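Trainee: Chains F and E are the protein sequences, given in the same order. Counting in the working numbering, the first sequence runs from 744 upward without gaps. Counting in the working numbering, the second sequence runs from 744 upward without gaps.
Number of protein chains: 2
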Amino acid sequence: MKIAVDAMGGDNAPKVVIEGVEQARDLYPDLEFDLYGNPDAIKPLIKNDQRLHIIPTTDDITMGEEPVRAIRHKKDSSIVKAATAVKNGEADAFFSAGNTGAVLAAGIFIVGRIKGIARPGLTSVLPIAKPGASRHSFVYLDTGANAESKEKNLLQYAYLGKFYSESVLGVENPRIALLNNGAEEDKGDTLHKAVWQLLNAQDDLNFIGNIESGDLLYGKADVVVSDGWTANAALKATEGTAKMMLTLIRHGIMNGGLRAKLGYLLLKPVFHKIGQAMNTSTYGGAVLLGLKAPVVKTHGASDVLAIKNTIGQIHTMLKADLIGKTVDFFTDNPEVDKSVKSE
Amino acid sequence: MKIAVDAMGGDNAPKVVIEGVEQARDLYPDLEFDLYGNPDAIKPLIKNDQRLHIIPTTDDITMGEEPVRAIRHKKDSSIVKAATAVKNGEADAFFSAGNTGAVLAAGIFIVGRIKGIARPGLTSVLPIAKPGASRHSFVYLDTGANAESKEKNLLQYAYLGKFYSESVLGVENPRIALLNNGAEEDKGDTLHKAVWQLLNAQDDLNFIGNIESGDLLYGKADVVVSDGWTANAALKATEGTAKMMLTLIRHGIMNGGLRAKLGYLLLKPVFHKIGQAMNTSTYGGAVLLGLKAPVVKTHGASDVLAIKNTIGQIHTMLKADLIGKTVDFFTDNPEVDKSVKSE
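1. Going by DSSP in three states, residue 794 of chain E sits in which element: helix, strand or coil?
2. If we cut at 7 Å on Cβ distances, does residue 997 of chain F have a partner in chain E?
3. Could you tell me the alpha carbon to alpha carbon distance between residue 1017 of chain F and residue 992 of chain E, rounded to whole angstroms?
4. Kindly give me the distance between the Cβ atoms of residue 753 of chain E and residue 844 of chain E, rounded to whole angstroms, as I take these residues to be in contact under 8 Å.
5. Beta-carbon separation of residue 867 of chain E and residue 1065 of chain E under 7 Å?
6. Cβ closer than 7 Å: which chain F residues qualify as neighbours of residue 1002 of chain E?
7. By Cβ distance, which residues of its chain are closer than 8 Å to residue 1068 of chain E, with the 5 residues on each side in sequence left out?
8. Looking at the C-beta of residue 806 of chain F, does it have a partner C-beta in chain E at a distance below 7 Å?
9. On the premise that residue 800 of chain E lies in contact with residue 831 of chain E, defined as a C-beta separation below 8 Å, what is that separation, rounded to the nearest angstrom?
10. For residue 883 of chain E, name the three-state secondary structure that DSSP assigns.
11. In angstroms, rounded to a whole number, what distance separates the CA positions of residue 1085 of chain E and residue 931 of chain F?
12. Using three-state DSSP, classify residue 1075 of chain F as helix, strand or coil.
13. Between the beta-carbon of residue 981 of chain E and the beta-carbon of residue 984 of chain F, is there less than 7 Å?
14. Within the 7 Å Cβ cut-off, does residue 1077 of chain E reach chain F?
15. May I have the straight-line CA-CA distance separating residue 779 of chain F from residue 880 of chain F, to the nearest angstrom?
16. Can residue 887 of chain F and residue 971 of chain F be called in contact, C-beta distance under 7 Å?
17. Can residue 836 of chain F and residue 828 of chain F be called in contact, C-beta distance under 7 Å?
18. Per DSSP, which one or two residues make a beta bridge with residue 833 of chain F?
19. Residue 757 of chain E to residue 819 of chain E, Cα distance in whole Å?
20. For residue 799 of chain E, name the three-state secondary structure that DSSP assigns.
21. How long is the line joining the alpha carbons of residue 951 of chain E and residue 974 of chain E, rounded to whole angstroms?
22. Residue 920 of chain E by DSSP, collapsed to three states: which one?
23. Which stretch, first to last residue, makes up the beta strand (DSSP E) that contains residue 749 of chain E?
24. At a Cβ threshold of 7 Å, is residue 867 of chain F touching chain E?
25. Which residue wins for smallest C-alpha separation from residue 698 of chain F, given the options F/896, F/864, F/987?
26. Is there a C-beta anywhere in chain F that falls below 7 Å from the one on residue 982 of chain E?
27. Evaluate residue 815 of chain F with the Cβ neighbour count: other Cβ atoms within 10 Å of its Cβ, from every protein chain shown; 16 or more gives buried, anything less gives exposed.
28. At 8 Å on the CB atoms, spell out the chain F contacts of residue 1045 of chain E, in chain order.
29. At a CB-CB cut-off below 9 Å, which residues of chain E make contact with residue 895 of chain F?
30. If you compare alpha carbons, which of F/858, F/986, F/963, F/923 is closest to residue 1074 of chain F?
31. Between which two residues does the alpha helix (DSSP H) carrying residue 1012 of chain F extend?
32. Against residue 994 of chain E, what residues of chain F qualify as contacts under a CB-to-CB distance less than 7 Å, listed in chain order?
33. On the DSSP bridge list, what partners appear for residue 856 of chain E?
34. Are the stretch 887-901 of chain E and the stretch 927-945 of chain E touching, with three or more C-beta to C-beta distances below 8 Å?
35. Check each candidate in F/923, F/884, F/940, F/928 and name the one with the smallest Cα separation from residue 908 of chain F.
36. Determine the contact status of residue 976 of chain E and residue 872 of chain E, defining contact as a CB-CB distance below 7 Å.
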């Protein structure tokens, strides 16, 4: 199994990308890597070139660039060339820590959608932080690939999320919930009321009803389905608040004199555990589900551990044949598409 | 100035309501209160009946009831009678800790909208938690009165929020931002792109552009304007995450043995400060802006302090003549309405 790696993407590329890939290579003997990027920058960083191949590229898509324009014009960039290799069957998955929009655009326009999928959904695995919860993470999509969504898209996200939860996280009969602004069946705007009915009508979905954004980290569902707009707002608010709480604690300790610093030393194991529980790096990158191959994006600020874990996540997706299962389902069940009146 | 109080609303009503009102009464000599509710339940709780009058009601709207149905049928409930008194000029403001939907419905259908306002916006004052920030709170609307919004509604929220920020919080030339899923001008769905242009085109608004939900507590804006759907999702995610972080800390301390408990004792002042910074009770209740009188709702679980502070907030609104200023503006500026093509 071969992964096409954008070696040039991310705040600390290519250094942390190469280091993360080498650690993953040592962990998974059945993985090979094609590293797309500037050989002069990449080569000196490689410690051991076993199962690593450099594919030279000359162009760069930077973080601020307009994504669709960039992938159209920068044909010799690491993102475009790596995605094209996946499209051509030269690699099985595409990994990048670069420009999110460009990675998504390369996924959709180069790797391509699975037949029957209207809109791929950006999927994150998020921590269940609640102490004592029986599971440690849940699948959340669409976290922002689409600013505007239709009923059909959300129905398809439910299946995409279900297959991911089953195949990659090993959850049996995952509980699927709809992100909405209230718990009851009749809550929400026109779209969410209709999606509730649609999800509830599917015999092969273990639909448990609505979930509110305040309950995301509480482990009530294994898959949370949402339009990209709402999920993105809730995700950013969750991350921003967690960060702010940690800032407040750090600030309080720094300005609380010796007493606070002593308290911090004693509570260090507790803070360490909280940091681990809330750390999204543990759970890998964001996957654009609904494409013909795994296309996975980690945060630009990802460290070596996050990159290694994300490669592990891709490894599981490939081993479990997530894509094959998804393709089979949407081939066998065209009614998932037909059952929807709108769009 | 007289406030019509729903004495029966809230998890601990009428006890905490009466206590909070009495504390506020002692603090503001220019306030009078009409307490709507069951006299047998209210009377024994009153310590001093100065400037307090009981208006007997016989019916109750409970927390789970369908709001519009409830206010139509329960004419002798504390919510309906208190709102009707405000409508008839017998009181200047309406306060409740009861069924949110019923309070909003009573505000819209009984107290009534200011001429020119299409949809009132539910408004919260939220803490700016960032250490060292020059201000301590910002105005946030619509936090959920409307699941579906149009351009015009968001433009009106900007003015309603601006007047609130100026009159009640004393902010000069408040910075107004649009909650969106990206920082740049061209971000968002059709609605948010159009609202950006509209806000930017108003000479009398200090529009500073988009804000993302992850930055809400960072103090970048004095007024954050949003459709009710998105603001509600971001607000609940913010509250849920803050609560989860505190749960994780508490759980870690309880299960961390003597060492963690000692650490906690040393860090207690730090945690206390964080609790204060994040405590929304300090900032009063949610105001339904755009109505002919202040209609203010606090959380059902509000304690005496939250109720006292909310009465203080209503006192400031009345003293500053927020409603009069809003009415004048929408009378003098009908073009705020006409400038919008849609709706």
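Where a beta carbon is used, it is the ideal one built from N, C-alpha and C, also for glycine. Since this is a predicted model, take the numbers as computed values, not measurements.
Mentor: In brief:
1. The three-state secondary structure of residue 794 of chain E, taken from DSSP, is coil.
2. Interface with chain E (7 Å Cβ-Cβ cutoff): residue 997 of chain F is excluded.
3. CA-CA distance, residue 1017 of chain F to residue 992 of chain E, rounds to 7 Å.
4. Between residue 844 of chain E and residue 753 of chain E the Cβ distance is about 15 Å, and since that is not below 8 Å, they are no contact.
5. It is not a contact, given that the beta carbons lie outside the stated cut-off.
6. Taking a Cβ-Cβ threshold of 7 Å, the residues of chain F close to residue 1002 of chain E are 1009, in chain order.
7. Counting only Cβ-Cβ distances below 8 Å, and skipping sequence neighbours, we find 906, 910.
8. No, residue 806 of chain F does not count as interfacial toward chain E.
9. Rounded, the Cβ-Cβ distance is 15 Å, inconsistent with contact.
10. DSSP places residue 883 of chain E within a strand segment (E or B) once states are collapsed to three.
11. Unreliable positioning characterises residue 1085 of chain E in this predicted model, as indicated by a pLDDT of 42, which lies under 50. The coordinate reading is nonetheless provided below. Taking the straight line from one Cα to the other gives about 22 Å.
12. Residue 1075 of chain F falls in the helix class under three-state DSSP.
13. In this structure, residue 984 of chain F lies closer than 7 Å to residue 981 of chain E by Cβ.
14. For residue 1077 of chain E, not one C-beta of chain F is nearer than 7 Å to its own C-beta.
15. Between the alpha carbons of residue 779 of chain F and residue 880 of chain F lies a distance of about 31 Å.
16. For residue 887 of chain F and residue 971 of chain F, yes; Cβs fall inside 7 Å.
17. Taking 7 Å as the cut-off, the beta carbon of residue 836 of chain F is found no closer than this to the beta carbon of residue 828 of chain F.
18. None; residue 833 of chain F has no bridge partner.
19. CA-CA distance, residue 757 of chain E to residue 819 of chain E, rounds to 17 Å.
20. The answer is strand: DSSP assigns residue 799 of chain E an E or B state.
21. Going from the Cα of residue 951 of chain E to the Cα of residue 974 of chain E covers about 18 Å.
22. DSSP places residue 920 of chain E in strand when its eight states are reduced to three.
23. Under the DSSP assignment, residue 749 of chain E falls in the beta strand (DSSP E) whose first and last residues are 745-749.
24. For residue 867 of chain F, the nearest beta carbon of chain E is not closer than 7 Å to its own beta carbon.
25. Chain F is shown from 744 up to 1086; residue 698 of chain F falls before or after that span and cannot be answered.
26. For residue 982 of chain E, the nearest CB of chain F lies under 7 Å from its own CB, placing it at the interface with that chain.
27. Exposed, because fewer than 16 other Cβ atoms sit within 10 Å of the Cβ of residue 815 of chain F.
28. Chain F residues near residue 1045 of chain E: none, gap ~18 Å exceeds 8 Å.
29. Going along chain E, no residue has its Cβ under 9 Å from residue 895 of chain F, so there is no contact; the nearest lies around 17 Å.
30. Relative to the Cα of residue 1074 of chain F, the nearest Cα in the group F/858, F/986, F/963, F/923 belongs to F/858.
31. Boundaries of the alpha helix (DSSP H) around residue 1012 of chain F: 1000-1021.
32. Here the neighbours are 874.
33. In the DSSP output, where bridge partners are listed per residue, residue 856 of chain E has E/1034.
34. With a cut-off of 8 Å, the stretch 927-945 of chain E and the stretch 887-901 of chain E count as touching, because enough Cβ pairs lie within range.
35. Ranked by how close their Cα comes to the Cα of residue 908 of chain F, the residues F/923, F/884, F/940, F/928 have F/884 in first place.
36. No, the pair does not count as a contact, with Cβ atoms beyond the cut-off.
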